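Visitor:
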Amino acid sequence: SPRVVVVGGGHAGTTLAALLRQGGHRGEIIMFGDEVDFPYHRPPLSKKFVDGELEQWLRPAPFYTEQRIDVRLGERVSSIDRADRRVHASSPCPYDVLVLATGARPRDLPVPGVTVGGVVSLRTLEDARALRKHLTADRRVVIIGGGYIGLEVAAAARANGVEVTIVEREQRVLARVASEELSAILASYHRERGTTIITGAQVRRLTSRDGQVRAVVLDDGTAIPCDVVVVGVGAVPRDELAVAAGLDCDQGIVVDGSARTSDSAVFAIGDVTRRPVPGVDGLMRLESIPSATEQARQVSAAILGAEAPAPEVPWFWSDQFDLKLKIAGVVVPGCHVVRRGEPASGRFALLHHDDAGAVTAVETANAPGEFMAAKKLLRSGHAHSHL
Ligand code: FAD
2 SPRVVVVGGG HAGTTLAALL RQGGHRGEII MFGDEVDFPY HRPPLSKKFV
52 DGELEQWLRP APFYTEQRID VRLGERVSSI DRADRRVHAS SPCPYDVLVL
102 ATGARPRDLP VPGVTVGGVV SLRTLEDARA LRKHLTADRR VVIIGGGYIG
152 LEVAAAARAN GVEVTIVERE QRVLARVASE ELSAILASYH RERGTTIITG
202 AQVRRLTSRD GQVRAVVLDD GTAIPCDVVV VGVGAVPRDE LAVAAGLDCD
252 QGIVVDGSAR TSDSAVFAIG DVTRRPVPGV DGLMRLESIP SATEQARQVS
302 AAILGAEAPA PEVPWFWSDQ FDLKLKIAGV VVPGCHVVRR GEPASGRFAL
352 LHHDDAGAVT AVETANAPGE FMAAKKLLRS GHAHSHL
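Mapping of the sequence shown onto UniProt numbering: residues 2 to 388, in sequence order.
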């Protein structure tokens, strides 16, 4: 039974380790994680940070010893030696199979003044703990970036009475990931609940006093006074180990449909990968729990010699106020969108289809039945599953 070394103790790495034991893997499993906390769920960090439970562990602590998963918390892997099949952390660690599950990190905002107090980004439990301390009801927060994380933070903060402004560079929120229809619906939903949204606005600099952020200054000179700034301008894959080791990378570790890299002894899973997606030409980076889980299943099957799992339709979820959003498929510009339900009621579905009538994506709020039905249409791979 091969010795499996996993780099990264996030959702992907932890799921893989658990699946291997569940599938009867007897060999050693060593998992390096450079965070000090036991592996935890990231989605609550942008949804529950004001009044909910932040520390939602992926597995209870005794699980790792019981399952003989050697978790090395607080240990960063600094390099990979593919010729000798070992990684270097505080000491060298040999592998038969290596799995890179290093995730992503928040993209930096390259403007003057971002390194002062009160400016946070959100990826780790540490980040969320810090944000929680900053966000009390008398505070004013500016969120730079109207992506899913930005909108979730906005909703949670607003629900707690915080004054919220979202600054988005594009002409609409969620410009890269949602249909124009969904962007518009969500923008109204947030505005109706007291959030200010400024689109088409570039941040020029942040001003501070006594080392604490005081205002966000836009390109047109507008200064938005604030006590806290959340930078949510996307994430970049942590592929530097792989790049240094000469693995095929292209803003993310390039993998095939079994999560294998250009070295057959090395797999990569989760946010760090650039992967094939059913129904899409070329490779994509997906940043979602379902994608991390799917790739963990692919690798576990490959290591155990089991049948490869069938490819899945990509999907993810987001919670904003009382809206439980679920999105499946890939949103492409210029597709046709058919709406069912009334957005103001908080329950609706947006079905996307191409010129031939094939369903390409679905965006739903509080409509789990519609979501499942549309996801099935997507999964059937029918080029002509007419609405
Ligand atoms: P990660 O969870 O980032 O884990 C990677 C781990 O590897 C990290 O702990 C990192 O510190 C460690 N690491 C990196 N390099 C090294 C090294 N050299 N040595 C040792 N350790 C290393 N997805 C959804 O589907 N739905 C949601 O609602 C949702 N909400 C989210 C909210 C927030 C605030 C965030 C940040 C993400 C959210 N996501 C959501 C995305 C989801 O959390 C990610 O897709 C998922 O965590 C990816 O798992 P991963 O294991 O690939 O990466």
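The beta-carbon is built from N, C-alpha and C at its ideal position, and this holds for glycine as well.
Bear in mind the structure is a predicted one, so any value in this text is a computation, not a measurement.
Determine the direct distance from the alpha carbon of L123 to that of R87, and round the result to whole angstroms.
Guide: 32 Å
Visitor: I want to know whether the region 104 to 123 touches the region 215 to 233 - three or more CB-CB distances under 8 Å.
Guide: yes
Visitor: Grab me the residues of H387's own chain with a C-beta within less than 7 Å of its C-beta, minus the 5 sequence neighbours each way, in chain order.
Guide: For H387, the predicted structure reports a pLDDT of 43, less than 50, and the residue's modelled location is therefore unreliable. The matter cannot be settled from this model.
Visitor: Would the C-beta of E364 count as close to ligand 1, meaning under 7 Å from any of its heavy atoms?
Guide: No.
Visitor: Roughly how many angstroms lie between the CA atoms of G283 and D228, to the nearest whole one?
Guide: 43 Å
Visitor: Thinking C-alpha only, which one of G11, L17, G10 is nearest G260?
Guide: Checking the displayed sequence, the identity of residue 260 turns out to be Ala instead of Gly. Ranked by Cα distance from A260, the options G11, L17, G10 are led by L17.
Visitor: For V154, report the span of its alpha helix (DSSP H) as first-last.
Guide: 149 to 160
Visitor: Going by the beta-carbon positions, is the gap between I167 and I199 smaller than 8 Å?
Guide: yes
Visitor: Please state whether DSSP places S346 in a helix, a strand or coil.
Guide: helix
Visitor: Can you give the Cα-Cα distance for E76 and L101, rounded to whole angstroms?
Guide: 14 Å
Visitor: Can you find a C-beta in chain D that's less than 8 Å from the C-beta of V154?
Guide: No chain D appears in the structure shown, which is made up of a single protein chain.
Visitor: Report all residues from its chain with a CB closer than 7 Å to the CB of R194; omit the five preceding and five following residues, and keep chain order.
Guide: R159, F322
Visitor: Using the C-alpha atoms, what's the distance from A245 back to D257?
Guide: 20 Å
Visitor: For A224 and G118, I'd like the C-alpha separation in whole angstroms.
Guide: Taking the straight line joining both Cα atoms gives about 18 Å.
Visitor: If you draw a straight line from the C-alpha of F33 to the C-alpha of R73, how long is it?
Guide: Near 5 Å, if we compare the C-alpha coordinates of R73 and F33.
Visitor: Extract the residue ranges of the alpha helix (DSSP H) inside the region 201 to 277, only unbroken runs of 4 or more that lie entirely within it.
Guide: Here the runs fully enclosed are 241 to 245.
Visitor: Considering only residues of the region 301 to 381, which uninterrupted beta strand (DSSP E) runs meet the minimum length of 3 residues and lie entirely inside it, listed in chain order?
Guide: Unbroken beta strand (DSSP E) runs of no fewer than 3 residues, entirely contained in the region 301 to 381, are found at 316 to 321, 324 to 330, 337 to 343, 348 to 354, 360 to 366, following chain order.
Visitor: DSSP state of D82, grouped into three classes?
Guide: strand
Visitor: Exposed or buried, K327, counting other C-beta atoms within 10 Å across all chains shown (16 or more means buried)?
Guide: It counts as buried.
Visitor: Who does residue 1 pair with in a DSSP beta bridge?
Guide: Because the chain here runs from 2 to 388, residue 1 falls outside it and cannot be looked at.
Visitor: Counting pairs of beta carbons, one from the region 359 to 368 and one from the region 338 to 348, are three or more of them closer than 8 Å?
Guide: In this structure the region 359 to 368 touches the region 338 to 348; the number of beta carbon pairs closer than 8 Å is three or more.
Visitor: In angstroms, rounded to a whole number, what distance separates the CA positions of V163 and L132?
Guide: About 12 Å.
Visitor: Leaving aside the five residues before and after L136 along the sequence, list all residues of the same chain whose C-beta is less than 8 Å from its C-beta, in chain order.
Guide: F50, V51, V142, A158, N161, V163, V229
Visitor: I'd like to know whether the C-beta atoms of V331 and V273 end up nearer to each other than 8 Å.
Guide: no
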